[in-house]
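In the numbering used here, the protein residues as written are 652 to 948.
Ideal Cβ placement from N, Cα and C applies to all residues, glycine included.
Below: the structure, in structure tokens.
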């Protein structure tokens, strides 16, 4: 059976296009088929792909993996296609931090060889299932890998929300927004909003208020099987539900957003089985001078 990958590219940079054509040529030269998305195909040479597909549930169906050339934003866009098809996603970071990527640009050749030789690790990452309602009407059903955020829709206004965990109210306050993050997302938007870093193997949900006007508006770490709900003040202003910066939904006053651990995890490819601690230190360039290591027995 012919092996096949879906190649997703950040086409906004000319350098990325040349890199994509090089990678596709190597894969095709090794006897693999390469799909590209219809919106990206016009930017590429026809010799560097074997099929053009529309973005949607069937884009990655039947492929071995989704290979991403770009930053975390490109990977999050590709993650939806990979999750729908139940295949892993492998990001090669051509952006800045690239926390989700399985390899950096310096390891590009090794990453391509790893795909050709099926020499990589796959780890499952927790996701969030999200439902927005207004009374008995379902407004949206969606998901997130990093975070689902309820945010104010206008810069000059305050968003009034009530935070609820497992059917019990925790606190009400005015804010810019509230994030529900996975451990994976704890190094993304939640980190910028003042939340803690959570190791990926910790199965929990993180709740982070953003610029809250309240004495008790600290980040909360809640159980994996908890139900988090955020209620928008019915006498207040409209809000916006945003998932991974990719999917946006308008929320009228009185809307309720419920978030739980996702039923379908996302499968991420890692080139090497590197400890999360080492990735954290390297990506954030953390100072570790003076570290002496464990004392030998």
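Output yes or no for whether 7 Å exceeds the beta carbon distance between residue i and residue j.
{"i": "residue 860", "j": "residue 829", "result": "yes"}
{"i": "residue 824", "j": "residue 864", "result": "yes"}
{"i": "residue 826", "j": "residue 799", "result": "no"}
{"i": "residue 910", "j": "residue 902", "result": "no"}
{"i": "residue 738", "j": "residue 762", "result": "no"}
{"i": "residue 857", "j": "residue 845", "result": "no"}
{"i": "residue 794", "j": "residue 663", "result": "no"}
{"i": "residue 816", "j": "residue 729", "result": "no"}
{"i": "residue 674", "j": "residue 714", "result": "no"}
{"i": "residue 884", "j": "residue 786", "result": "no"}
{"i": "residue 792", "j": "residue 917", "result": "no"}
{"i": "residue 801", "j": "residue 892", "result": "yes"}
{"i": "residue 709", "j": "residue 741", "result": "no"}
{"i": "residue 924", "j": "residue 772", "result": "yes"}
{"i": "residue 939", "j": "residue 946", "result": "no"}
{"i": "residue 789", "j": "residue 934", "result": "no"}
{"i": "residue 699", "j": "residue 672", "result": "yes"}
Within 10 Å of its beta-carbon, does residue i have 16 or more other beta-carbons around it, so buried, or fewer, so exposed?
{"i": "residue 721", "result": "buried"}
{"i": "residue 820", "result": "exposed"}
{"i": "residue 907", "result": "buried"}
{"i": "residue 886", "result": "exposed"}
{"i": "residue 944", "result": "exposed"}
{"i": "residue 837", "result": "buried"}
{"i": "residue 834", "result": "buried"}
{"i": "residue 669", "result": "exposed"}
{"i": "residue 687", "result": "buried"}
{"i": "residue 734", "result": "buried"}
{"i": "residue 678", "result": "buried"}
{"i": "residue 719", "result": "buried"}
{"i": "residue 682", "result": "exposed"}
{"i": "residue 937", "result": "exposed"}
{"i": "residue 874", "result": "exposed"}
Please confirm whether residue i has its beta-carbon closer than 7 Å to some beta-carbon of chain B.
{"i": "residue 839", "result": "Any reference to chain B falls outside this structure, which holds one protein chain only."}
What residue does the alpha helix (DSSP H) around residue i start on, and which one ends it?
{"i": "residue 762", "result": "759 to 767"}
{"i": "residue 731", "result": "723 to 736"}
{"i": "residue 848", "result": "Unbroken run through residue 848: none, as it is neither H nor E."}
{"i": "residue 931", "result": "927 to 934"}
{"i": "residue 842", "result": "840 to 843"}
Which residue's Cα is closest to the Cα of residue i: the options?
{"i": "residue 743", "options": "843, 940, 667, 684", "result": "667"}
{"i": "residue 680", "options": "806, 767, 854", "result": "767"}
{"i": "residue 804", "options": "940, 684, 904", "result": "904"}
{"i": "residue 919", "options": "750, 699, 693", "result": "750"}
{"i": "residue 866", "options": "822, 882, 878, 888", "result": "822"}
{"i": "residue 775", "options": "941, 853, 748", "result": "853"}
{"i": "residue 895", "options": "726, 682, 948, 813", "result": "726"}
{"i": "residue 654", "options": "928, 841, 684", "result": "684"}
{"i": "residue 757", "options": "788, 665, 946, 922", "result": "922"}
{"i": "residue 724", "options": "682, 759, 839, 707", "result": "839"}
{"i": "residue 705", "options": "697, 696, 699, 692", "result": "692"}
{"i": "residue 927", "options": "676, 718, 690, 753", "result": "753"}
{"i": "residue 782", "options": "932, 797, 873, 879", "result": "879"}
{"i": "residue 797", "options": "700, 855, 764, 882", "result": "855"}
{"i": "residue 869", "options": "888, 882, 841", "result": "841"}
{"i": "residue 746", "options": "930, 661, 818", "result": "661"}
{"i": "residue 807", "options": "765, 888, 732, 881", "result": "888"}
{"i": "residue 707", "options": "676, 689, 699", "result": "689"}
{"i": "residue 848", "options": "948, 942, 941, 930", "result": "930"}
Would you give the residue range spanned by the beta strand (DSSP E) that residue i belongs to?
{"i": "residue 793", "result": "788 to 795"}
{"i": "residue 822", "result": "819 to 826"}
{"i": "residue 655", "result": "655 to 660"}
{"i": "residue 837", "result": "Neither: residue 837 is in no beta strand (DSSP E) and is coded neither H nor E."}
{"i": "residue 901", "result": "898 to 902"}
{"i": "residue 772", "result": "772 to 776"}
{"i": "residue 780", "result": "779 to 785"}
{"i": "residue 915", "result": "Neither: residue 915 is in no beta strand (DSSP E) and is coded neither H nor E."}
{"i": "residue 811", "result": "810 to 816"}
{"i": "residue 750", "result": "Careful: residue 750 lies outside any beta strand (DSSP E) and carries neither H nor E."}
{"i": "residue 860", "result": "855 to 861"}
{"i": "residue 894", "result": "890 to 894"}
{"i": "residue 800", "result": "798 to 803"}
{"i": "residue 881", "result": "879 to 883"}
{"i": "residue 939", "result": "Run containing residue 939: none; DSSP gives neither H nor E here."}
{"i": "residue 646", "result": "No information on residue 646 is available, as it lies outside the stretch 652 to 948 that the chain covers here."}
Is residue i a contact residue of the ligand GDP, with contact defined as CB to any heavy atom under 6 Å?
{"i": "residue 669", "result": "As for the ligand GDP, it is missing from this structure, which has no ligand bound."}
TODO: May I have a chain-ordered list of the alpha helix (DSSP H) segments no shorter than 4 residues that lie completely inside the segment 673 to 697?
DONE: For the segment 673 to 697, not one full-length alpha helix (DSSP H) segment reaches 4 residues or more.
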